[in-house]
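Below is one structure, written out as C-alpha cells; comments come after it.
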Amino acid sequence: MEANITLIKGDGIGPEIVNEAVKVLDRIASLYGHKFNYNEVLMGGCSIDEYGIPLTDEAVKTAKAADAVLLGAVGGNTDTSPWYKLPPEKRPEAGLLKIRKELGLYANIRPAILFDELRHSCPLKESTGEKGFDFVIFRELTGGLYFGERSTTVVEGKRKAVDTLVYTEDEIERVARRAFEAAQGRRKEVCSVDKANVLDSSRLWRQVVAEVAKDFPEVKLTNMLVDNCAMQLIANPAQFDVILTENMFGDILSDEASMVTGSLGMLPSASLGEGRFGLYEPSHGSAPDIAGKDKANPIATIMSSAMLLRYSFGLSKEAESIEDAVKSVLKEGYRTGDIFSEGKTLIGCKEMGDRIADKISK
Ligand code: NAD
Ligand code: IPM
Ligand code: MN
C-alpha cells in the first residue's frame, strides 16, 4: 500500500525517538513492498521558537490531510524553559491539546503489557512477576478538566484559579463504546474508573457507561474509584483487562501503568476518533533531562508505529513483526538506561532503533 504519514517530532527527545521509529517503518516498507510518504510539521516549543505559537493552522491542515500522524513529544523543563513564561494557551502543551481536539481524537488507547523479557526489571516483580499482565487503558481525550473553562483572577486582593470539569453524555458514550468493542476481542471485561463518591461528572460517567454496557451483554462491567484503582494497579495489575476512564484520571493512571511494565519508555499510545485516521505517540514526555544524549528509549515510539500500522492501515502482520523484533532485541539482552539491569548490555537510542529494524523479518 501507499500512505502518507505526518511526522511531528516535537521537542526534547522527540526527534531522536521519532527518527528510530521511521527507521523501523522504512524497513517494513522495503520488506513488505509498501510506500510511506512522510511530511513534517512543527508543534510545541520548536513551533513557538519558529512561529510564536505552539501549533499553526497550516500544521493542523497538513496533519488532517495525512492518513496518520506519528508524534514524539512536546515541551521543555516546566521550571526553567522560557516557554513556560508564556500564557498557558501559548505554551507547548497547548499545541498537543489543540491537535487532539481539532482532529476529533477522543479515544486514547494505552496498552500496558509486561514483556517476558522485562519481568525481572519490573519494580513490582513480587506481585506481578509470576502472573504477568496485559491490560489496556481507554482514556477519554478531548473533554473533562483539560478542556473546561479556566481562569486566574484576583478577588479581594487574593489570587484565585478555576478549572472546570465538564462531560456531556455523548462524550462519555462514544469513548465507552470503543472500550467495550475492544473488550469483546479481549478477555471481555471493562473496569470503568471514576470518582462517583464525590463528582457529578463521575456519577454521569457511571450512568452512561452502564447504559452502553447493555449493548454488550457478553462483556462484564465493573466500576472502581480512581484512588482504589491507583492502588490496585500496583497491588494486582493482572486483574485488569480494559480500563475505561476520563481524561485526567487516564493521564495519571497511564504513567503509573507504564512504570509497572518496567519503564515509561515502553508504553505506546494511539489516539483515535471516527474512521481510521489516528495520531500515535509514546505515553511519555519530552524528557528534557536526557535530550540530545542518545539515551532515550525509542521502544514506546516504535511500538506506537506498530499501532499506527494496525489501526490506521490495517497492517496487522507488519505490526506484529515490529512487536516481535522488539521482543527479540530485549531477549538478546540489549537495554537502554531506563530498563537496564545487571548482566544486560547498555545501548543508546540509535543502536536500539538499528537493532530493532535489523530484526524485522517477513
Ligand atoms: P517525561 O515523561 O518527559 O519524563 C519523566 C521521566 O522519565 C524523566 O526522568 C525522563 O528522563 C524519563 N523518560 C521519559 N521518557 C523516556 C524514554 N523514552 N526513555 C528513557 N527515559 C524516559 O515527563 P516530565 O519530565 O514530567 O515532562 C517533561 C516535559 O514533557 C514537560 O514539558 C511535559 O509537559 C512534557 N510532556 C509531553 C508529553 C507529550 O508530548 N505527549 C507527555 C508528557 C509530558
Ligand atoms: C500525555 C501528556 C499530555 C496530557 C500533556 C503534555 C498535555 O501528559 O499525553 O500523557 O496530559 O495529555
Ligand atoms: Mn501524561
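Numbering of the sequence shown is given in UniProt numbering, commencing with residue 1 and proceeding in unit increments. For every residue, glycine included, the Cβ atom is placed at its ideal position computed from N, Cα and C.
Straight across, the Cα-Cα distance linking ARG91 with PRO288 is about 15 Å. Look at SER81: its beta carbon is at least 7 Å from all of the heavy atoms in ligand 2. The distance from the Cβ of THR6 to that of VAL41 is about 6 Å, consistent with a contact at the 8 Å cut-off.
The C-beta of LEU31 has fewer than 16 other C-beta atoms within 10 Å across all chains shown, which makes the residue exposed.
As the crow flies, the alpha-carbon of LYS23 is around 51 Å from that of VAL154. The criterion of a C-beta distance shorter than 8 Å is not satisfied by ASN247 and GLY148.
Ordered by chain, the residues meeting the criterion of a beta-carbon within less than 7 Å of a non-hydrogen atom of ligand 3 are ASP251, SER254, ASP255, SER283 and GLY285. Judged by beta-carbon spacing, VAL242 lies within the 8 Å limit of PHE135, meaning their Cβ atoms are closer than that value. Minimum Cα-Cα distance from GLY132 among the listed residues GLU256, ALA112 and LEU70 corresponds to ALA112. Taking C-beta atoms as the reference points, SER269 and ARG110 count as a pair closer than 8 Å.
Placement of the Cβ of GLU93 at a distance of less than 7 Å from at least one heavy atom of ligand 2 is found. Inclusion of ARG335 and ILE347 in the CB contact set at 8 Å is warranted, their separation being smaller than that value. Fully contained in the segment 157-232 are the following beta strand (DSSP E) runs of length 3 or more, in chain order: 158-163, 189-194 and 220-225. Assignment of VAL74 by DSSP, reduced to helix, strand and coil, places it in the coil class. For LYS9, the number of other beta carbons within 10 angstroms of its own is at least 16, and it is reported as buried.
Between GLY12 and GLY76, the gap from beta carbon to beta carbon is short of 8 Å.
Distances between the C-beta of LEU71 and the heavy atoms of ligand 2 are all 7 Å or more. Taken from the Cβ of LEU264, at least one heavy atom of ligand 1 lies inside 7 Å. Looking at the backbone, the Cα of ARG159 and that of PHE313 are separated by about 50 Å. By the neighbour-count criterion, in which 16 or more other beta carbons inside 10 Å mark a residue as buried, ARG100 falls on the buried side. For the 8 Å CB-CB criterion, GLU281 and SER304 form a contact.
Taken in chain order, the complete beta strand (DSSP E) segments of 3 or more residues contained in the segment 250-302 are 270-272 and 278-280. Residues of the same chain with a CB within less than 8 Å of the CB of GLU218, apart from the 5 flanking positions on each side, are GLN184 and LYS188 in chain order. By the Cβ criterion, the segment 204-212 is not in contact with the segment 270-280, since fewer than three pairs of Cβ atoms, one from each stretch, lie closer than 8 Å.
The alpha carbon of LYS64 has as its nearest neighbour, out of PRO82, GLU102, ILE53 and TYR51, the alpha carbon of GLU102. At a cut-off of 7 Å, the beta-carbon of THR152 does not count as near ligand 1: no heavy atom of the ligand is closer than that. Scanning its chain for C-beta atoms nearer than 6 Å, with the 5 sequence neighbours on each side dropped, one finds around LEU309 the residues LEU315, GLU318 and ALA319, in chain order. Under DSSP, ARG100 takes part in no beta bridge, so it has no partner. With contacts defined as CB atoms closer than 8 Å, LYS350 and GLU20 qualify as a contacting pair. Judged by DSSP in its simplified three-state form, LYS9 adopts strand.
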